[in-house]
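**Q** Once you've had a glance at the structure underneath, I'll fire off some questions.
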Amino acid sequence: MSTTATKFDLKQHLIDTVNRIGETYVNDLAFIDKDKQAQCPMGAARPATEFTAECAGFNFFISKAITGEGAEMPSEEARKQFYADHATGEKAAAVFTASVGALRAAIEGATEESLMTEITLPWGDAVPGYRAVQMCTAHMMYHDGQINYLQALHGDAENHWG
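When we follow the numbering used here, the leftmost residue of the sequence shown carries the number 26, and every step to the right adds one.
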């Protein structure tokens, strides 16, 4: 067993994780028929386009917070408008992809020190920047699970991650 310590590259790990999850999410979204991406399943559940736009909004928020651009929580009205502006699968996928790019760029431009600096989340908690990025990835995976469930409800039981 080697006694040599290997340095963990936090920035590269975060970049790789954001990229991988972003690609998986967009790929999975594409497997829901276009006419079903904006539907409210069972008349009450949120459409895939809406929670995809939500992920994008959170990614943009954290990107701005990490770069020190002064991220602010949008009003309820502004969030609803953002969802409405991205209410097709193509628009939701495009804004989501742009948000993944913004998050990646924010990480690339950050120093290790800045990734350790606390930022305030929309609900008031303060966490280090790297942890906020991890929250973005967990948030995207959570909603990717919903996409996979919607695929199954529409008869697609295939795993598209392979």
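Where a beta carbon is used, it is the ideal one built from N, C-alpha and C, also for glycine.
Closest to residue 5 by C-alpha separation, out of 82, 56, 140, would be which residue?
**A** Because the chain is modelled from 26 through 187, residue 5 falls outside the range shown and cannot be assessed.
**Q** So, is residue 33 buried or exposed, given that buried needs 16 or more other C-beta atoms within 10 angstroms?
**A** Walking along the sequence shown from the start, residue 33 turns up at place 8. Its Cβ having fewer than 16 others within 10 Å, residue 33 is exposed.
**Q** Using only CA atoms, which one of 64, 50, 66 lies nearest to residue 123?
**A** As a first step, residue 123 must be located in the sequence shown, where it is residue number 98. For the residues 64, 50, 66, the minimum Cα distance to residue 123 belongs to 50.
**Q** When you compare each of 109, 129, 183 to residue 157 by their alpha carbons, which one comes out closest?
**A** As a first step, residue 157 is located in the sequence shown; it is residue number 132 there, counting from the start. Here the closest residue by C-alpha is 129.
**Q** If we count Cβ pairs, one from each stretch, closer than 8 Å, do we get three or more for the region 48–65 versus the region 83–100?
**A** Contact fails: fewer than three Cβ-Cβ distances are below 8 Å.
**Q** Three or more beta-carbon pairs under 8 Å between the region 65–85 and the region 105–121, yes or no?
**A** Contact holds: three or more Cβ-Cβ distances are below 8 Å.
**Q** Can you find the residues in the same chain that come closer than 6 Å, C-beta to C-beta, to residue 64, ignoring five residues on each side of it along the sequence?
**A** Taking the first residue of the sequence shown as position 1, residue 64 is located at position 39. If we look at residue 64 and ignore the five residues flanking it on each side, its Cβ neighbours are 72.
**Q** Is it true that the CB of residue 52 sits closer than 7 Å to the CB of residue 161?
**A** One-based indexing of the sequence shown puts residue 161 at position 136. One-based indexing of the sequence shown puts residue 52 at position 27. No, the Cβ-Cβ distance between residue 161 and residue 52 is not below 7 Å.
**Q** Am I right that residue 80 and residue 164 are in contact with their C-beta atoms under 8 Å? What's the rounded C-beta distance?
**A** Start at 1 with the first residue of the sequence shown, and residue 80 comes out as number 55. Start at 1 with the first residue of the sequence shown, and residue 164 comes out as number 139. That belief holds up - the Cβ atoms of residue 80 and residue 164 are roughly 6 Å apart, short of 8 Å.
**Q** As a quick exercise: from 154, 151, 120, 78, pick the residue whose alpha carbon is nearest that of residue 105.
**A** For this step, residue 105 is matched to residue 80 along the sequence shown. Here the closest residue by C-alpha is 78.
**Q** Under 7 Å, Cβ to Cβ, is there at least one residue of chain C near residue 62?
**A** Included in the structure is just one protein chain, with no chain C present.
**Q** For my contact list, residue 35 and residue 155 are in at a C-beta cut-off of 8 Å; report their separation, rounded to the angstrom.
**A** Along the sequence shown, read from residue 1 onward, the residue named residue 35 stands at position 10. Along the sequence shown, read from residue 1 onward, the residue named residue 155 stands at position 130. Between residue 155 and residue 35 the Cβ distance is about 6 Å, and since that is below 8 Å, they are a contact.
**Q** Once the 5 residues before and after residue 178 are set aside, which same chain residues still bring their CB inside 8 Å of it?
**A** Residue mapping note: residue 178 aligns to position 153 of the sequence shown, counting from 1. Excluding sequence neighbours, residue 178 sits near 66.
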